[in-house]
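End of the sequence shown sits at 350 in this note's numbering; the numbers just go up one at a time, nothing left out.
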Amino acid sequence: TNQSQLPQAGAIPTRRSPNPSNVHSVGKLGGYTLPTRRANPSRSGAKVPAKRYSNDEALALKLLTKTGRISIDLETDGFHPHKPNPNLQDYRDKYGNTEAKVGAIIARSGEQNFIFRKFPEWWPEMLADESVKKVITNAKFDLMWMISDQDNRGGLLAHARNVQDPMLKSQLAHVYRTKTGAAKAGNPGAWEPNDLASMLEERLGVKIGKSIDHDATYWPGKWTRSMVDYMLEDIVHLDDLNDVLDAELL
101 TNQSQLPQAG AIPTRRSPNP SNVHSVGKLG GYTLPTRRAN PSRSGAKVPA
151 KRYSNDEALA LKLLTKTGRI SIDLETDGFH PHKPNPNLQD YRDKYGNTEA
201 KVGAIIARSG EQNFIFRKFP EWWPEMLADE SVKKVITNAK FDLMWMISDQ
251 DNRGGLLAHA RNVQDPMLKS QLAHVYRTKT GAAKAGNPGA WEPNDLASML
301 EERLGVKIGK SIDHDATYWP GKWTRSMVDY MLEDIVHLDD LNDVLDAELL
């Protein structure tokens, strides 16, 4: 089954997205050039079904080059590149993986969702480009995995510029950054959470489920419908969340 053609999930907001088949122009990100593609218009009068996401790397590059913005999220096998989740060893044996891996790269640019199995070739250059705003919640965690991935490829991720982290901004916007800090100040009831679900509800009035058993979910393996739902649930809102926090802080 092609996961990109799964039917719309009611919990996920939908917007008109670019049609990859109608991309003509050539775009650039530094030295990386998009391949030229011919148009493939739909039949007269036929409706093209909306896709929940695309895996078109060239389209993603075109959109982020045009908009100068991209929201990013990762799903990984464990909480550290060198410490895979021990509860998922049976899955790693099944798929022949011996180390922790990034299982999904979720991105959004130009109102189009993307999910990739591996990082596109232009990824390190995009991260280093200060003209492109990257919105990544808990960026420290995701960047750690990106650095490890490049190292495994024999490369080096030397720069990550213009990274915007809504979680850190939310901590700055609150009276206390952490629950421990509020407790030490003798005011534990004043602490406000900074996890993604809490931020979206507080700043945008958006409620998400954001619940999945990571001890029974192997992201490098086959994606189920519920896994795709989970991946796409919040990526739609990250850019708006970051803008709201900027308006409050700046």
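No residue lacks a Cβ here, since even glycine has one placed at the ideal position from N, Cα and C.
Because the structure is a prediction, the values reported are computed rather than measured.
Buried versus exposed, by CB contacts within 10 Å (16 or more), residue i
i    : result
K269 : buried
F219 : buried
Q264 : buried
R217 : exposed
N287 : exposed
T165 : buried
A285 : exposed
D315 : exposed
Residue-chain proximity (residue i, chain B), Cβ-Cβ < 9 Å
i    : result
Q250 : The chain inventory of the structure shown lacks chain B, comprising one protein chain alone.
Collapsed DSSP secondary structure at residue i in the structure displayed
i    : result
F241 : helix
I236 : strand
L349 : helix
D173 : strand
I312 : coil
I206 : strand
N185 : coil
V263 : strand
Spatially closest choice to residue i from the options, by CA coordinates
i    : options                   : result
N252 : E157, P181, L163 and G305 : P181
F179 : K233, P293, A200 and M226 : A200
N185 : L349, L164, M331 and P320 : P320
D351 : T176, R208 and G281       : The question about residue 351 has no answer, for the chain in this structure spans 101 to 350.
I308 : R152, D315, A347 and M299 : M299
V304 : L345, F214 and A282       : One detail in the question is off: residue 304 reads as Leu in this sequence, not Val. When only C-alpha atoms are compared, the closest one is L345.
W245 : V235, W222, A228 and I205 : I205
S231 : A160, L349 and N262       : N262
I215 : Y276, E348 and D329       : D329
E333 : I247, N155, L350 and I312 : I312
Expected contact under 8 Å - CB spacing of residue i and residue j to nearest Å
i    : j    : result
A160 : A207 : 6 Å
Residue i CB to nearest heavy atom of the ligand MG below 8 Å
i    : result
G286 : Looking for the ligand MG in the displayed structure turns up nothing, as the structure carries no ligands at all.
- prompt: Contact between the stretch 255 to 271 and the stretch 191 to 198: three or more CB pairs below 8 Å?
  reply: The stretch 191 to 198 and the stretch 255 to 271 do not touch, with fewer than three beta-carbon pairs separated by less than 8 Å.
- prompt: Per the contact definition of three or more C-beta pairs closer than 8 Å, is the stretch 323 to 337 in contact with the stretch 170 to 186?
  reply: Enough Cβ pairs lie closer than 8 Å, so yes.
- prompt: Pairing CB atoms from the stretch 269 to 280 with CB atoms from the stretch 290 to 300, are three or more of them under 8 Å?
  reply: The stretch 269 to 280 is in contact with the stretch 290 to 300.
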